[in-house]
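Student: The sequence shown stops at residue 345 when you use full-length UniProt numbering, and every number in between is there.
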Amino acid sequence: MPSDAVLAAPAVSAPVTATPVLRVSGLSVEYRTARGVVHALDNVSFELAPGETLGIVGESGCGKSTLARAVVRLLDPSAGTIRLGETDITHATRRRMRAARRDLQMVLQDPAASLDPRWTVGDLLAEPLEIHGIGSRAERRARVADLLDKVGLPPEAAQRRPHEFSGGQRQRIGIARALALEPKVVVLDEPVSALDVSVQAQILNLLTDLQRTLGVSFLFIGHDLSVVEYVSDRVAVMYLGRIVELGGRDSLWRRPAHPYTRALLDAAPRIDGPSAPAGPGLTGDTPSPYDLPSGCRFHTRCPIAADVCRRLAPAMQALSPGHHVACHFPDSGSEPPSMQSAINS
Ligand code: SF4
Numbered sequence: 001m002p003s004d005a006v007l008a009a010p011a012v013s014a015p016v017t018a019t020p021v022l023r024v025s026g027l028s029v030e031y032r033t034a035r036g037v038v039h040a041l042d043n044v045s046f047e048l049a050p051g052e053t054l055g056i057v058g059e060s061g062c063g064k065s066t067l068a069r070a071v072v073r074l075l076d077p078s079a080g081t082i083r084l085g086e087t088d089i090t091h092a093t094r095r096r097m098r099a100a101r102r103d104l105q106m107v108l109q110d111p112a113a114s115l116d117p118r119w120t121v122g123d124l125l126a127e128p129l130e131i132h133g134i135g136s137r138a139e140r141r142a143r144v145a146d147l148l149d150k151v152g153l154p155p156e157a158a159q160r161r162p163h164e165f166s167g168g169q170r171q172r173i174g175i176a177r178a179l180a181l182e183p184k185v186v187v188l189d190e191p192v193s194a195l196d197v198s199v200q201a202q203i204l205n206l207l208t209d210l211q212r213t214l215g216v217s218f219l220f221i222g223h224d225l226s227v228v229e230y231v232s233d234r235v236a237v238m239y240l241g242r243i244v245e246l247g248g249r250d251s252l253w254r255r256p257a258h259p260y261t262r263a264l265l266d267a268a269p270r271i272d273g274p275s276a277p278a279g280p281g282l283t284g285d286t287p288s289p290y291d292l293p294s295g296c297r298f299h300t301r302c303p304i305a306a307d308v309c310r311r312l313a314p315a316m317q318a319l320s321p322g323h324h325v326a327c328h329f330p331d332s333g334s335e336p337p338s339m340q341s342a343i344n345s
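This is the structure we're talking about:
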């Protein structure tokens, strides 16, 4: 356990109206290296409803990509549970995970990493169906044509190899492959970060269209706030391995309660729409993951940190239905918190 877990560490169980398709509880991931132990994820909890997109944002090194890899079991958690529907996959064997892959797929930032350049696109899209013994050869061919159509590529694309396509087209192929088995959940790890802005918009529109027609749920990892705002129903903000705020997109954008969320939103360029209230801004660098701050991990950069913040990790608390924050002084803006002196005394 990290040394700063003096109070209950932040844990969010966001209320969802339907039975969750994915339920992550108290998930932690630790790396042991020659320099020491890295607490890459600490007690992360959330739920994902059918047809919902949960965006995960935070600076580089906040743990969002570790979270994505842990959820699809490319990394082994050191604590916590991952439930896919009614199935606990936290410690599923490779064989059981193969079965779970029907319902849980991933799209990577660089689609080339998951597309074997020696294979045709048709073979790449048919492979998941073959592995799971789905359909006859003719039925799989028809399914490949249907998948290509769904992601806006012509049927002839099946005969070509990945290197013959642009970055945006390759990402369409990656999305088609992820959807081949009609999964309930797709984890998207920065799926548009490597693409030009105009292509980003096409892929984001494709994802929202596919979600509307297929009802699939997305766990969307991103660092571009405007992209995450565009695609997400709810958003979780991560800092140094923990979720520090989680809420409905509009609630979180209009009333960010955590100083870190406020700073992130203040720093993000906006062309239109309502801006978040101006906050005090970020100072300093992200602390080393080998030497995490005591108490609230954000206290070394927080402009309103008080003594209690250095001593006690704030527990997650509900501000309003579905909007949770881990801060001793939520939504206190740039003014010193009024409770500060009383708590410090
Ligand atoms: Fe953390 Fe305290 Fe700042 Fe809240 S006010 S983010 S608890 S340092």
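Backbone N, C-alpha and C define an ideal beta-carbon position, used for all residues, glycine too.
Give me, in chain order, the residues of the same chain whose beta-carbon lies closer than 6 Å to that of leucine 188; leave out the 5 immediate sequence neighbours on both sides.
Tutor: If we look at leucine 188 and ignore the five residues flanking it on each side, its Cβ neighbours are Val107, Phe218, Phe220.
Student: Hey, quick one: how far does the alpha helix (DSSP H) through arginine 137 stretch, first residue to last?
Tutor: Run containing arginine 137: 137 to 150, per the alpha helix (DSSP H) assignment.
Student: Just to confirm my understanding: we take serine 251, look at its own chain, exclude 5 residues before and 5 after, and list those with CB closer than 8 Å. What are they?
Tutor: Ser320, Gly322, His323.
Student: Using only alpha-carbon positions, find the residue among Leu147, Gln169, Arg262 that is nearest to tryptophan 178.
Tutor: Inspection of the sequence shows that residue 178 is occupied by alanine rather than by tryptophan. Cα-wise, what sits closest to alanine 178 is Leu147.
Student: Closer than 8 Å to a non-hydrogen atom of the ligand SF4 - does that hold for the CB of phenylalanine 220?
Tutor: No, the Cβ of phenylalanine 220 stays beyond 8 Å of every heavy atom of the ligand SF4.
Student: Identify which residue in Ala180, Asp266, Gln202 has its Cα closest to the Cα of leucine 124.
Tutor: Cα-wise, what sits closest to leucine 124 is Ala180.
Student: Alpha carbon to alpha carbon, how far is alanine 79 from leucine 206?
Tutor: Roughly 35 Å separates the two Cα atoms.
Student: What do you reckon, is the C-beta of alanine 306 under 8 Å from a heavy atom of the ligand SF4?
Tutor: Alanine 306 Cβ: within cutoff of the ligand SF4.
Student: Looking at the secondary structure, which residues open and close the beta strand (DSSP E) in which glutamine 317 lies?
Tutor: Per DSSP, glutamine 317 belongs to the beta strand (DSSP E) from 317 to 320.
Student: For threonine 300, does the three-state DSSP call read helix, strand or coil?
Tutor: Of the three classes helix, strand and coil, the one that applies to threonine 300 here is coil, per DSSP.
Student: What does DSSP give as the partner residues of aspartate 88 in its beta bridges?
Tutor: Answer is Arg83, bridged to aspartate 88.
Student: List the endpoints of the continuous beta strand (DSSP E) containing arginine 35.
Tutor: Element bounds for arginine 35: n/a, residue is neither H nor E.
Student: Rounded to the nearest angstrom, what separates proline 336 and proline 259 at their Cα positions?
Tutor: For proline 336, the predicted structure reports a pLDDT of 38, less than 50, and the residue's modelled location is therefore unreliable. A value from the coordinates is still provided. So the alpha carbons of these two residues sit roughly 12 Å apart.
Student: Alpha carbon to alpha carbon, how far is isoleucine 82 from arginine 23? Give it in angstroms, no decimals.
Tutor: Those two C-alpha atoms are separated by around 6 Å.
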